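Q: Going by the UniProt record's numbering, the sequence shown opens with residue 1, and the numbers climb by one from there.
Got a structure for you, written out below as structure tokens; questions coming shortly.
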Amino acid sequence: MSFQTRSEQRRAQRETIAKGEWDILLTTFDMLTDRRASPKKRVCGMSNDELWEAWWMLGDKRDFYLESWRKDDLLDSREEAALRGDATKAAKLKILAKIPQNAFPRSVVREARDAASNEMFFKRLGFDNIIIDEASRCLNPESLRSQAIDTLAARAGRVYLLSGTLCVGRPTDFFMPMHILDPAMLGMKFDRFKQLFCVFSAHNPHMITGYKNLDILKLYIQPHIIERSRSECIDLPKRTIVRRYYTPSDAAIDVLERIRTNDTIRIGGKVLGVEQPVVKIARAMQVLNGFLYVGEDNDACNSCGHVVSCVSEGIHPGGKGCTKQVAKRTDREVHVFKENSKLALLEEDLSDSRPEEKIIIWAWYRQDIKVIAEMLTKKGIGFVTPETKDCTRKFNTDDSIRVFLGQTVQGIGITLNAATCTIYYSHGMSLEPRLQSMDRNYRIGQTKPVIVKDYVAKGTVEENVVELLEHKKDVKEFMQKDIRCPTCEHCMLCLKEGIEYLKKGCVHFGERKNAETKKGVWL
């Protein structure tokens, strides 16, 4: 996420952009004032508060500017050491007051979370223009980040939003970005927006089952959108997407069958509820990855209207984001299968790859990350994760680092062009993380052909989920209206032929006709 203000001198910005690190770019109004006098002749004209804000805004670029000021003889070695050390605020301000105002940067990069965690500080800053990059990260009207950004944008003269995946099939995604641009564009609150454009389940007032009045919504937003395809903007080498099939172990197949045919299953001494279709899908996906989370209380979930979104977003019973009053989990218990065919396939692919080839591995579950990390360590393969300090630079430049290992939802805002192969070890049900993560090594600067590998168990729910994602369908949204499709053996055929759930051609079409007949009789 980035905010960018008008600037003529952007050394810090250019240095950051070159690394592909876009976060938040914020500048005070006073910093933007054009100071054309020579730094040697004009001393700092900022107040102590403004000066301290400017120093604080340098963030992790302080070393860069301290070295620059030292080379320009604006600081001596003693003053530089004081600014780097634990000198008092008053002592640092006294030194900083000697620095010419236009020696300070006109633009500074900060973390996106600062907009919410330091909201009071940012409220004191003034903006002429704000550019919000990765705008798809501020879609939720209830998130603190979205609200903080909305507050900042309200004081800017111009606001621009940049995103490659602003909407992934949910018209509700348009509300918050449009509200940030200008609340007058829609002229309504989110509740009214949903009433106007969403269709809700007759049995659950919180579950969206479809959308309506999309022609009206298009009239609202179309005048404010400029759209460009990737091919119109940049020339990139070929990207090939292939599937790597594996055969689940006998134990996994047995558990999959029990999940399919029962409302509860017993495993590892625990009884797990798998009554709802969405829970069956989530459990089956875990089994195909060689494990099952067994330390959770799912009874409360079976009657909850949020179960679809919770499964797709990784919200667990009693955990952060859960709306039910259930026993809060402590350490998550995991049942691990002795044989993991998918991990064996990954080992095979790594062994067959060239020693100099760099690979990105995306996995949906933390348990997958743990297992893969242990395997890489055992084999002596160098790797980094998003938690590794300076991970992108190390991966792109260090020849000893061959693998970037991360959860799919972490694949946002980084550039990993050193990799020519991307592996999706496991799959989630949200489309946006897949689209974002897939482009980490397919962007400006990539000069080599890229291959993407999806690990899939043929003839299972995993194959249907991947098929939906490849057709750019958000599985979570798809399940809310087509709940049985991901588990149906005809899912891929229906996608290719455009057959909709309960419409002519669907294997369940007869059920709908029978229901309509019964309804007619009762009427």
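All C-beta atoms, glycine included, are put in the ideal place defined by N, C-alpha and C.
This one's a predicted model, so the numbers in the text were calculated from it and none came from an experiment.
Going by C-alpha distance, which of N289, K238, T209 and I267 is nearest Y246?
A: What you label residue 246 is simply residue 246 of the sequence shown in a count that begins at 1. That would be N289, whose Cα lies nearest to the Cα of Y246.
Q: When DSSP labels each residue in this structure, what does L469 get in the three-state scheme?
A: Numbered from its first residue, the sequence shown carries residue 469 at position 469. In the structure shown, L469 sits in a helix (DSSP, three-state: H, G or I).
Q: Check the C-beta distance from G240 over to I451 and give it rounded, since I have them as a contact under 8 Å.
A: Stepping through the sequence shown from its first residue, residue 240 is reached at position 240. Stepping through the sequence shown from its first residue, residue 451 is reached at position 451. One detail in the question is off: residue 240 reads as Thr in this sequence, not Gly. Indeed, because the Cβ distance is near 5 Å, the residues count as touching under 8 Å.
Q: With distance defined between alpha-carbon atoms, name the residue in V334, K394, A82 and P177 nearest to K370.
A: Within the sequence shown, the letter at position 370 stands for residue 370. Nearest C-alpha to K370: V334.
Q: In this structure, how does DSSP classify F104 when only helix, strand and coil are distinguished?
A: For the purposes of this step, residue 104 is taken as the residue at position 104 of the sequence shown. Correct three-state label for F104: coil.
Q: Quick check on the burial criterion: 16 or more other C-beta atoms within 10 angstroms. Buried or exposed for D439?
A: Within the sequence shown, residue 439 is the residue found at index 439, counting from 1. D439 should be labelled buried.
Q: Considering only residues of the same chain and omitting the five flanking positions on each side of Q436, which have a CB-CB separation below 8 Å?
A: Numbered from its first residue, the sequence shown carries residue 436 at position 436. Excluding residues within five positions, the ones whose Cβ falls inside 8 Å are S136, G164, T165, G411 and I412.
Q: How would you write the range of the alpha helix (DSSP H) that A156 sits in, first residue to last?
A: Along the sequence shown, read from residue 1 onward, the residue named residue 156 stands at position 156. No alpha helix (DSSP H) holds A156; DSSP gives it neither H nor E.
Q: Taking just the CA atoms, how far does M178 sit from T27?
A: Here residue 27 corresponds to residue number 27 of the sequence shown, with the count starting at 1. Here residue 178 corresponds to residue number 178 of the sequence shown, with the count starting at 1. Confidence at T27 is low in this model, with a pLDDT of 37, below 50, so its placement is unreliable and the value that follows should be read with caution. In a straight line, the C-alpha of T27 is about 23 Å away from that of M178.
Q: Going by the CB atoms, is the gap between D368 and S430 shorter than 9 Å?
A: The residue labelled residue 430 in the question sits at position 430 within the sequence shown. The residue labelled residue 368 in the question sits at position 368 within the sequence shown. Not in contact: S430 and D368 (Cβ atoms no closer than 9 Å).
Q: Helix, strand or coil, according to DSSP, for P226 in the structure here?
A: For the purposes of this step, residue 226 is taken as residue 226 along the sequence shown, with counting starting at 1. Note on identity: in this sequence residue 226 is Ile, with Pro being the wrong assignment. Three-state DSSP puts I226 in coil, outside helix and strand.
Q: Tell me the residue span of the alpha helix (DSSP H) that contains L256.
A: What you label residue 256 is simply residue 256 of the sequence shown in a count that begins at 1. Its alpha helix (DSSP H) spans residues D250 to T261.
Q: According to the neighbour-count rule (16 or more other Cβ atoms, all chains shown, within 10 Å of its Cβ), is I401 buried or exposed?
A: Start at 1 with the first residue of the sequence shown, and residue 401 comes out as number 401. By the neighbour-count rule (16 or more Cβ atoms within 10 Å), I401 is buried.
Q: Who are the near neighbours of E80 in its chain, counting only those whose CB is closer than 6 Å to its CB and skipping five residues on each side?
A: If you number the sequence shown from 1, residue 80 lands on position 80. Result list for E80: L66 and R70, in chain order.
Q: Report yes if the C-beta distance between L93 and N48 is below 9 Å; otherwise report no.
A: Locating residue 93 in the sequence shown gives position 93, counting from the first residue. Locating residue 48 in the sequence shown gives position 48, counting from the first residue. The answer is yes: Cβ separation under 9 Å.
Q: Would you report the Cα separation of T447 and V278, rounded to the nearest angstrom?
A: In the sequence shown, residue 447 corresponds to position 447, counting from 1. In the sequence shown, residue 278 corresponds to position 278, counting from 1. Answer to the nearest angstrom: the Cα atoms are 41 Å apart.
Q: Expressed to the nearest angstrom, what Euclidean distance is found between the alpha-carbon atoms of F337 and R266?
A: Working through the sequence shown from its first residue, we reach residue 337 at position 337. Working through the sequence shown from its first residue, we reach residue 266 at position 266. When rounded, the distance between both Cα atoms is 14 Å.
Q: Does any heavy atom of the ligand COA sit closer than 8 Å to the C-beta of R230?
A: The ligand COA is not among the ligands present in this structure, which contains no ligands whatsoever.
Q: Inspect the beta-carbon positions of T408 and A344 and report whether they are closer than 9 Å.
A: For this step, residue 408 is matched to residue 408 along the sequence shown. For this step, residue 344 is matched to residue 344 along the sequence shown. Contact: no.
Q: Near V507, which residues of its chain fall below 6 Å by C-beta distance, leaving aside the five closest residues on each side in sequence?
A: Along the sequence shown, read from residue 1 onward, the residue named residue 507 stands at position 507. Here the set comprises H490.
Q: Return helix, strand or coil for K270, following the three-state DSSP convention.
A: Mapped onto the sequence shown, residue 270 falls at position 270. Strand at K270.
Q: Among V294, L493 and R170, whose alpha-carbon lies nearest the alpha-carbon of K270?
A: Counting from 1 along the sequence shown, the entry for residue 270 is found at position 270. Of the candidates V294, L493 and R170, the one whose C-alpha sits nearest the C-alpha of K270 is V294.
Q: Pick out whichever of L292, K358, G459 and V403 has its Cα sitting closest to the Cα of T377.
A: Translated into the one-based positions of the sequence shown, residue 377 becomes position 377. Out of L292, K358, G459 and V403, V403 has the C-alpha closest to the C-alpha of T377.
Q: Whose C-beta lies closer than 7 Å to the C-beta of S341 among residues of the same chain, with five residues either side of it excluded?
A: Position 341 of the sequence shown, counting from 1, holds the residue named residue 341. Counting only Cβ-Cβ distances below 7 Å, and skipping sequence neighbours, we find Y246, T247, P248 and S249.
Q: Hey, would you say W52 sits closer than 9 Å to K89, going by beta carbons?
A: As a position in the sequence shown, residue 52 is number 52, starting the count at 1. As a position in the sequence shown, residue 89 is number 89, starting the count at 1. Closer than 9 Å, so yes.
Q: Can T422 and K394 be called in contact, C-beta distance under 9 Å?
A: Translated into the one-based positions of the sequence shown, residue 422 becomes position 422. Translated into the one-based positions of the sequence shown, residue 394 becomes position 394. No, these two residues do not count as a Cβ contact at 9 Å.
Q: With 16 other CB atoms within 10 Å as the buried threshold, where does N396 fall?
A: The sequence position of residue 396 within the sequence shown is 396, counting from 1. It counts as buried.
Q: Can you give the Cα-Cα distance for F383 and R145, rounded to whole angstroms?
A: Reading the sequence shown from its first residue, position 383 is the one you call residue 383. Reading the sequence shown from its first residue, position 145 is the one you call residue 145. If I take the Cα positions, the gap works out to 31 Å.
Q: I'd like the list of long-range same chain contacts for F193, defined as Cβ closer than 8 Å, with 5 residues on each side in sequence excluded.
A: Here residue 193 corresponds to residue number 193 of the sequence shown, with the count starting at 1. Correct list, in chain order: T172, F175 and L186.
Q: Could you give the residue range of the beta strand (DSSP E) that holds residue 577?
A: Because the chain here runs from 1 to 523, residue 577 falls outside it and cannot be looked at.
Q: Under the rule that 16 or more other beta-carbon atoms within 10 Å means buried, what is K280, buried or exposed?
A: In the sequence shown, the residue the question calls residue 280 occupies position 280. Result: buried.
Q: On a Cα-Cα basis, can you pick out the residue from E134, E432, S201 and L217 that is closest to G210?
A: Indexing the sequence shown from 1 puts residue 210 at position 210. Among E134, E432, S201 and L217, the Cα nearest to that of G210 belongs to S201.
Q: Can you tell me where the alpha helix (DSSP H) holding A202 begins and where it ends?
A: As a first step, residue 202 is located in the sequence shown; it is residue number 202 there, counting from the start. That residue, A202, is in no alpha helix (DSSP H); it is neither H nor E in DSSP.
Q: Please identify the residue among K496, M285 and A251 whose C-alpha is closest to the C-alpha of residue 536.
A: As shown, the chain starts at 1 and ends at 523. That puts residue 536 outside it, with no answer to give.
Q: Tell me whether I259 is buried or exposed, calling it buried when 16 or more other Cβ atoms sit within 10 Å of its Cβ.
A: As a working mapping, residue 259 is identified with position 259 in the sequence shown. Its Cβ being crowded by 16 or more others within 10 Å, I259 is buried.
Q: In this structure, how does DSSP classify F395 when only helix, strand and coil are distinguished?
A: By 1-based counting over the sequence shown, the position of residue 395 is 395. Looking at F395 - three-state DSSP - the assignment turns out to be helix.
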